[in-house]
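Report on the structure given below.
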Amino acid sequence: IKDDDYTIKIWKQAPIVIENEKGKMKTVLPLKVNVQYRIGTDKLGVALYNTQEFNFNGVITLLSSVNLNNWKLNTKTKFESIVWKESPSVKAFGKNVPITYVINPAIQLFKSNIEKAIDQAIEQSMDFKPNVLDALDKLATPSEMSPEYETWLRVVPSELYATEAQLSGQNIVMQMGLKCTIETLIGQKPAKIFDKNKIVLKPVSKMPDNFATNIVAVSTYKDASKIITKNFEGQEFASGSRKVKVMNVSMWHKNEKIVIALDLTGSLTGTIYLTGLPKYNEAKKEIYFDNLDYAIDTKSSLIRTANWLASGVILKKMEESCRYSLQPNLEDGKKTMLKYLSNFSPMPGVFINGKMGDINFKEVQLTNKAILAFLTVNGKVAVKIDGLE
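Quick note on numbering: this note's numbering labels position 69 of the sequence shown as 69, and the sequence is numbered without any gaps.
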């Protein structure tokens with residue numbers, strides 16, 4: 001025994017019972033307690049101490065209010081009652097002497113320690129942050145939607161919302177909501193964008209079940225060029241006996257337009273350049289290029305050397321292949337998102353359910369590296385935490 005002049009040892013005598021009582025958590029603890037209390041002094045270098053040993057064996061009943069704070073379930077516990085299975089005793093001259101008449105009035109001296117110990121144990125055991133972050137990390141890992149179109153779905157969580165924890169039956173229940181950006185990308189597997197240390201848990205009094213999600217369909221020029229090159233495979237563009245094939249397509253951004261370079265072989269071998277504005281066809285769910293025409297230098301050269309190719313008929317046929325559909329990856333993206341809304345359980349006791357509406361187009365934006373199609377989707381979602389394990 002040092003510093004505090006007492007030690008407390010507690011043993012569990014039987015299974016602890018936890019149940020709901022009028023919205024509060026009732027805990028029944030069958031405990032055996034040994035307390036050693038030291039009285040004395042060590043002044044002038046002489047230790048003069050007398051140690052008293054107390055033993056208690058009974059069933060303690062506690063009531064706890066429950067709340068959520070900083071990812072943890074916190075309780076405020078109050079000592080309700082104690083029923084002795086054996087009379088409290090103090091060891092004197094090697095014998096246990098009953099002291100029930102003394103302990104019952106003095107129970108206030110140590111009940112606060114038990115209340116505090118219970119609250120600390122619940123706080124440590126009910127920290128669900130690691131499990132939730134692991135679930136979000138899994139959700140944020142890009143998933144492939146279509147190998148054929150090389151499309152990926154990426155979810156970027158930014159904020160997590162939670163209502164106050166409540167007792168329902170024998171379970172602890174609360175609602176959670178997630179603010180995130182959902183992106184569909186074309187090309188190689190994108191990097192995961194999620195920092196566990198930056199996610200914020202925000203308490204709310206009521207969780208809105210409606211959600212509006214922005215979807216960004218990202219098409220890098222390199223990856224879009226590969227898809228359009230595939231569109232031209234096996235095609236010939238002819239005028240009379242003269243014909244050409246498109247062997248490769250390259251794209252880039254210039255002066256708010258897209259430049260499309262077509263490498264040709266056949267009656268004309270070389271590269272021609274087209275320009276156009278990317279647009280989104282709502283009905284076909286595809287990116288196409290409006291006002292597609294030959295670049296000025298290309299048109300001048302074709303008029304001089306290959307006037308047959310400069311005709312609008314062949315350009316119109318080429319225009320049909322200068323497009324790529326977002327329909328497959330939007331549908332796959334919707335299916336993937338619905339997986340997370342169909343009784344999805346990222347961790348024991350957590351269930352996500354909901355439904356999605358139609359995906360609607362907003363706008364197309366150009367960057368130096370990609371074409372961005374912005375879309376929105378509306379729906380309803382409910383996240384239920386029911387009986388944390």
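Beta carbons are placed, not taken as given, at the ideal position from N, Cα and C, and that holds for glycine.
Distance between residue j and residue i (C-alpha atoms, nearest Å)
{"i": "residue 369", "j": "residue 218", "result": "10 Å"}
{"i": "residue 295", "j": "residue 331", "result": "35 Å"}
{"i": "residue 274", "j": "residue 262", "result": "8 Å"}
{"i": "residue 288", "j": "residue 318", "result": "12 Å"}
{"i": "residue 183", "j": "residue 169", "result": "40 Å"}
{"i": "residue 309", "j": "residue 235", "result": "15 Å"}
{"i": "residue 131", "j": "residue 72", "result": "12 Å"}
{"i": "residue 327", "j": "residue 359", "result": "10 Å"}
{"i": "residue 135", "j": "residue 119", "result": "26 Å"}
{"i": "residue 87", "j": "residue 103", "result": "10 Å"}
{"i": "residue 303", "j": "residue 185", "result": "39 Å"}
{"i": "residue 353", "j": "residue 342", "result": "5 Å"}
{"i": "residue 345", "j": "residue 51", "result": "54 Å"}
{"i": "residue 24", "j": "residue 153", "result": "43 Å"}
{"i": "residue 257", "j": "residue 325", "result": "19 Å"}
{"i": "residue 321", "j": "residue 231", "result": "6 Å"}
Residue i - DSSP class collapsed to helix/strand/coil
{"i": "residue 176", "result": "strand"}
{"i": "residue 250", "result": "strand"}
{"i": "residue 388", "result": "In this prediction, residue 388 scores a pLDDT of 48, lower than 50, which makes its location untrustworthy; the coordinate-derived value is nonetheless stated afterwards. In the structure shown, residue 388 sits in coil (DSSP, three-state: anything other than H, G, I, E or B)."}
{"i": "residue 56", "result": "strand"}
{"i": "residue 227", "result": "helix"}
{"i": "residue 320", "result": "helix"}
{"i": "residue 264", "result": "strand"}
{"i": "residue 188", "result": "coil"}
{"i": "residue 327", "result": "helix"}
{"i": "residue 276", "result": "strand"}
{"i": "residue 315", "result": "helix"}
{"i": "residue 161", "result": "strand"}
{"i": "residue 340", "result": "coil"}
{"i": "residue 362", "result": "strand"}
{"i": "residue 151", "result": "strand"}
{"i": "residue 375", "result": "strand"}
{"i": "residue 167", "result": "strand"}
Residue i vs residue j beta-carbon contact at 8 Å
{"i": "residue 282", "j": "residue 374", "result": "no"}
{"i": "residue 270", "j": "residue 245", "result": "no"}
{"i": "residue 54", "j": "residue 90", "result": "yes"}
{"i": "residue 6", "j": "residue 35", "result": "yes"}
{"i": "residue 372", "j": "residue 253", "result": "no"}
{"i": "residue 225", "j": "residue 259", "result": "no"}
{"i": "residue 97", "j": "residue 58", "result": "no"}
{"i": "residue 20", "j": "residue 167", "result": "yes"}
{"i": "residue 115", "j": "residue 79", "result": "yes"}
{"i": "residue 221", "j": "residue 247", "result": "no"}
{"i": "residue 198", "j": "residue 133", "result": "no"}
Beta-carbon separation (whole angstroms), residue i vs residue j, contact threshold 8 Å
{"i": "residue 340", "j": "residue 29", "result": "That pair is no contact at about 40 Å."}
{"i": "residue 180", "j": "residue 203", "result": "About 18 Å; that fails the 8 Å criterion."}
{"i": "residue 278", "j": "residue 364", "result": "5 Å"}
{"i": "residue 286", "j": "residue 242", "result": "Incorrect: roughly 30 Å between the Cβ atoms, too far for contact."}
{"i": "residue 191", "j": "residue 68", "result": "At roughly 32 Å, the Cβ-Cβ gap does not stay under 8 Å, so residue 191 and residue 68 are not in contact."}
{"i": "residue 205", "j": "residue 163", "result": "7 Å"}
{"i": "residue 74", "j": "residue 8", "result": "At roughly 23 Å, the Cβ-Cβ gap does not stay under 8 Å, so residue 74 and residue 8 are not in contact."}
Unbroken stretches of the alpha helix (DSSP H), 4 residues or longer, contained in the segment 109–145: 129–140
Return the chain-ordered ranges of every beta strand (DSSP E) run that is complete within the segment 66–108 and spans a minimum of 3 residues. 72–92 and 95–98
What runs of the beta strand (DSSP E), each 3 residues or longer, lie entirely inside the segment 15–40? 17–21
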